[in-house]
Structure formats: C-alpha cells, structure tokens
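*Asks:*
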Amino acid sequence: MKPRITIKEIAKQAEVSIGTVDRVLHDRGRVSEETKERVLQIAKEGNYSSNVYARNLKLNKTYHLAVILPEQNPYWIKHRQGVEKAVGEHDFLQVTLHDYSLEEDSPVRIEQLVREVLAQEPDGIVLAPIFLGQDSAVIQLLHESQVPVVLVDSKIQLPNCISRIGQDAYQSGRMSAGLLHEGYTEDYALYVTTFHKADLHNQTIMARIQGLKDFLTEVENGPDVIMINLEKDGLSLADAVDHMKASDKPVRVFVPNSRAYLLARSLGLVQQQLKLRMVGYDLIEENKNYLMKGTINYLIHQQPKQQGFRAIQTLHQHLLLNMEVDPEQRLPLDIITKENLMYCEH
C-alpha cells in the first residue's frame, strides 16, 4: 500500500504553512482557491486520510499558551510580532503575553511571573531565559509542572523543554572577533562594552564575550581586551567614549547586544581619527541608521520575528498535531553590512 503523506509533507510541497493545510482540509477560514486546489491535489496524490489526521488533531479545544519575554524594546517587540503572526495562522490557540523588566532583579521577577503563569495551567510556554542560571528556582518550577516549554534567544537545561530556538551565542562571539581582527596590520585596542550590571548576568551576552575572548587568544598577536560595563564601573557614556578617544591605537568596539547605536552616536564624528571598527547586534532602527553611516561596520541579525513565529509553530505541532519537533532549532549567524541591509527581512 502506498504510504500516506503527512500534513508536514503537504505543507512543504504546497509551499504553505501547516495552519493553511489545516484550514483547507477542514474547510475553515479564508484560503485562496489556487492554494486550496493545490493542497487538495497534493493530499489526494499522497493518499492522505483525514480520518488519520482527525485522530491526532485534538479539535474543539482552545490551547492556552503563555509567552514570557523581556519588557518591550525594539528587539523583543519583533519577537512579539512573530508570535502574533503565528497565532493568526493557527486555529485553537490563545496566547497571553507576560513581560519582565531587564533589570538586576529580573531572576526574581521571572520566578514570580512563572508562578503566576503556572497557576493558570497553560498548555505550553514560550520563555526567554536570558537571566536564568542552572540553579534557578524557575527551572525547578517548570520541571515540576511538566508543561512543554519552548525557549527562545537563550538556552538552559530543562527536561520539559521540547525545543530551543536561536543562534549559537558562543560562535557568534567568535565570528565577531574574526570580523574585528580581519586584515590585522597593527596593534589595536578592543573595547567590549556593556551598559547595565544585569548584562553581566545575561548568559547570552556572556557567551558571546567568551567566544570573542577565546578566538583572540588563539590568534597571533591578539589584542588586549578592555572590558567596560558603564553601571558597574560608574562611568557615563561620555566617559567611555573619552576613554576610547584617548587610545593611541586604532579602536575596535564590540557591543554584544542591541545597544551599539548608543556608542555609535558619540563616536561617529571621530571614527576616521580612531580608525574605528564596530560590531553589534540586531536590526533595530537606530542600529541600521549607524550601519548605513558606516559608524557600525557589522550587525549580527538574530531574526527575532522568526524566533517568535517558530516558537508558536513548534507548540502547535507538538500539542495539536502530535508531531516530533526539532529539539535544537539553530538560526544562522547572519552578518549584515550596509551593502546587504536592503535585502534583509527586518
């Protein structure tokens, strides 16, 4: 007997989402006639059985998902946009968004939020665990709940995590070091700049910094790495910039999060004098502006919309379709310059 095609295979062949296939096969929602005909033809040719699908799809139930992300800033807003797009494509999903602040007490606030969320008995959770260590009480709470969890941006060891979506932070740090060191002809001063004490507890940021340091210890004549954390060191932004201006060597700057524009704003007028080269993260508007001006040379694009979209899609596949999901969804390390910015999905 010819094997039956799966929903996932139909979606792939038809070049549509799994949610669109679901709507066609169950005659729900708006789908163009062209798409409908294509999906039905592929299903027919693939010996698809709606009865098989119906046994696996738990209909007539609304699935409640909780999304726990840092407070809204340009980077995390894009995650929310991806979440909203995915929810619009999938029936039977109700999503509640929960914010936590990017402050030093974030682990405490996250624990409070997780307790509140678990009390509502969600069917699935999307979590950005950027301040959580392996000894965090949150990990124990989530483990005991046995609620399926999808992690975005950062990674922790959690038995009931069904998938983690994001980049390899350590490798992105190594790649950034390569971009800063490329074409080395003379000694330079490398400033790794963070802004808040909380950044030093952010495992993604620290993994990037470690990757950068490790790369530079492996190259011949690697530079000294000067670590600056404005809040911890009691420095203003102007103080940090003055420190860089005083360097008698070419200046390289690594900002391991989305705040590169804050330094670029002050360094733009002296970038030629400093022989400045800067690497930052994320295609937020301010960063893109300074990328186009040439003050920032490279931005690492983390595809936050894709992270949010995939997180909801993954829970949909796991909860409604009983599909096996990829436990590690690695996103590419995209290097963006002013020459290729126009071709990127922001």
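Taking the working numbering, the leading residue of the sequence shown gets 143, the next gets one more, and so forth.
Quick reminder that beta carbons are idealized off the backbone N, C-alpha and C, glycines included.
#1: For R394 versus L322, is the C-beta distance shorter than 8 angstroms?
#2: Would you identify the three-state DSSP class for V250, choosing helix, strand or coil?
#3: Using the three-state DSSP reduction, which class does G126 fall into: helix, strand or coil?
#4: State buried or exposed for L415, treating a residue as buried only when at least 16 other CB atoms are found within 10 Å of its CB.
#5: For chain D, is any of its Cβ atoms less than 8 angstroms away from the one on K150?
#6: Over the uninterrupted beta strand (DSSP E) stretch that includes G436, give me the two end residues.
#7: Ignoring anything shorter than 4 residues, give me the alpha helix (DSSP H) runs that lie fully in the stretch 403-432, in order along the chain.
#8: What does the alpha-carbon distance come out to for the pair L404 and A153?
#9: So, is P212 buried or exposed, given that buried needs 16 or more other C-beta atoms within 10 angstroms?
#10: Starting from T335 and walking both ways along the beta strand (DSSP E), at which residues does that stretch end?
#11: From the DSSP output, in three-state form, read off Q236 for me.
#12: Have a look at T327 and L409 and give me their C-alpha separation to the nearest angstrom.
#13: Is the beta carbon of V237 less than 8 angstroms from the beta carbon of L207?
#14: Where does the unbroken beta strand (DSSP E) through S305 begin, and where does it stop?
*Replies:* Reading it off the structure:
#1: Remark: C-beta atoms of R394 and L322 approach each other more closely than 8 angstroms.
#2: helix
#3: Since the first and last residues shown for the chain are 143 and 488, residue 126 lies out of range.
#4: Looking at the sequence itself, residue 415 is Gln, so the reference to Leu does not match. Q415 is exposed by the Cβ-count criterion.
#5: Included in the structure is just one protein chain, with no chain D present.
#6: Membership of G436 in any beta strand (DSSP E) is not indicated, and neither H nor E is assigned to it by DSSP.
#7: 413-416
#8: Rounded to the nearest angstrom, the two C-alpha atoms are 43 angstroms apart.
#9: buried
#10: A331 to T336
#11: strand
#12: 22 angstroms
#13: It is a contact, given that the beta carbons lie within the stated cut-off.
#14: C303 to G308
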